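K.L.:
Quick one: structure below, then a few questions.
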Amino acid sequence: MSNSFQNFNLNPNLIKSLNVLNYNVPTPIQSLVIPALLNHRDLVIKSKTGSGKTAAFSIPIIQHIKWDKREPQVLVLTPTRELAIQVKEDMFNIGRFSRIKVEAVYGKSSYESQAKQLKQRTHVIVSTPGRLIDHIVNKTVDLSHISALVIDEADELLRMGFIDEVERIIHFLPLKRLTILLSATMPTDIEKLSNLYMNNPELIVIEDNE
Ligand code: ADP
Ligand code: MG
């Protein structure tokens, strides 16, 4: 396993932001996930809460973003508004020197102002399922250029009953995309989801006692 972020061929802007964040050594899950995602492989990732999964997917995804493209390229689905805000902040911090724009979209907050934000150039959308569907139905979001989908806390999404919404959203996305699913546990519903919507994913597991 790699014990330095320097070994991943990351661009200097990413290395700089990791230094500012004081991320000196990759966590075990990051050491496995970063090279796999840099190789454009679909991944199912299981490791416990607090193991560093957000940076594990964010670092390689931000490295792949085409800065000049004006449409959203990355969609991260989260079960709660709090997590959407957290992931937005983490991705903003990691993408700070790459000047990546991240928008969070969630319920119980002004639909109009989100619609306005989504009209600006944004590279990444982090969203809860319900509000994103509102934006899809009202055509206030363009998902036709999404090249990476991240399903974060998939077990929570399913436990909270968002399976139909998640499937509905996936049907609006281009087929040719990278799909990454993260979870702390692996109920059988997650296997079904990955079989249906992922392209021969590699399973990366760090056991809870490691
Ligand atoms: P998970 O999604 O697996 O629950 P998070 O991605 O939220 O975990 O990370 C947990 C905490 O660890 C966060 O506070 C994050 O800033 C910190 N963290 C992540 N990667 C590193 C790293 N390489 N070095 C130090 N801290 C890190
Ligand atoms: Mg997480």
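Counting from 1, position 93 in the sequence shown corresponds to residue 93 in full-length UniProt numbering; the numbering is continuous, with no gaps. Ideal Cβ placement from N, Cα and C applies to all residues, glycine included. Since the structure is predicted, the reported quantities are computational estimates derived from the model, not experimental observations.
1) Considering just the uninterrupted stretch of the alpha helix (DSSP H) at Ala104, what are its terminal residues?
2) Between the C-alpha atoms of Lys192 and Ser109, what's the straight-line distance to the nearest angstrom?
3) Give the straight-line distance between the Cα atoms of Ala36 and Leu43, rounded to the nearest whole angstrom.
4) My parser needs the beta strand (DSSP E) runs of 3 or more residues fully inside the segment 33-86; what are they?
5) Do you know offhand how far Ile128's Cα is from Val205's?
6) Tell me the rounded alpha-carbon separation between Leu143 and Val25.
7) Determine the DSSP secondary structure at Ser17, reduced to helix, strand or coil.
8) Taking Cβ positions, are Ile29 and Gly52 nearer each other than 7 angstroms?
9) Would His123 and Ile100 qualify as a contact pair, given that the criterion is a beta-carbon distance under 7 angstroms?
10) If you reduce the DSSP assignment to three classes, tell me which class Ser31 lands in.
11) What does DSSP give as the partner residues of Glu202 in its beta bridges?
P.N.:
On the basis of the supplied data:
1) Translated into the one-based positions of the sequence shown, residue 104 becomes position 104. Taken as a continuous stretch (DSSP letters only), Ala104 belongs to no alpha helix (DSSP H), being part of the beta strand (DSSP E) at Val102 to Val105.
2) Against the sequence shown, residue 192 aligns to sequence position 192. Against the sequence shown, residue 109 aligns to sequence position 109. Going from the Cα of Lys192 to the Cα of Ser109 covers about 32 angstroms.
3) The sequence position of residue 36 within the sequence shown is 36, counting from 1. The sequence position of residue 43 within the sequence shown is 43, counting from 1. Near 8 angstroms, if we compare the C-alpha coordinates of Leu43 and Ala36.
4) 43-46 and 74-77
5) Within the sequence shown, the letter at position 128 stands for residue 128. Within the sequence shown, the letter at position 205 stands for residue 205. Correcting the residue identity first, residue 128 is Thr in this sequence and not Ile. Each residue's Cα considered, the two are about 25 angstroms apart.
6) Start at 1 with the first residue of the sequence shown, and residue 143 comes out as number 143. Start at 1 with the first residue of the sequence shown, and residue 25 comes out as number 25. Approximately 34 angstroms between the Cα atoms of the pair.
7) Here residue 17 corresponds to residue number 17 of the sequence shown, with the count starting at 1. DSSP places Ser17 in helix when its eight states are reduced to three.
8) The residue labelled residue 29 in the question sits at position 29 within the sequence shown. The residue labelled residue 52 in the question sits at position 52 within the sequence shown. Contact flag set, yes.
9) Along the sequence shown, read from residue 1 onward, the residue named residue 123 stands at position 123. Along the sequence shown, read from residue 1 onward, the residue named residue 100 stands at position 100. Yes; because the gap between Cβ atoms is below 7 angstroms, this pair is in contact.
10) Position 31 of the sequence shown, counted from the start, is the residue given in the question as residue 31. DSSP places Ser31 in helix when its eight states are reduced to three.
11) Here the question's residue 202 lines up with position 202 in the sequence shown. In the DSSP output, where bridge partners are listed per residue, Glu202 has Leu43.
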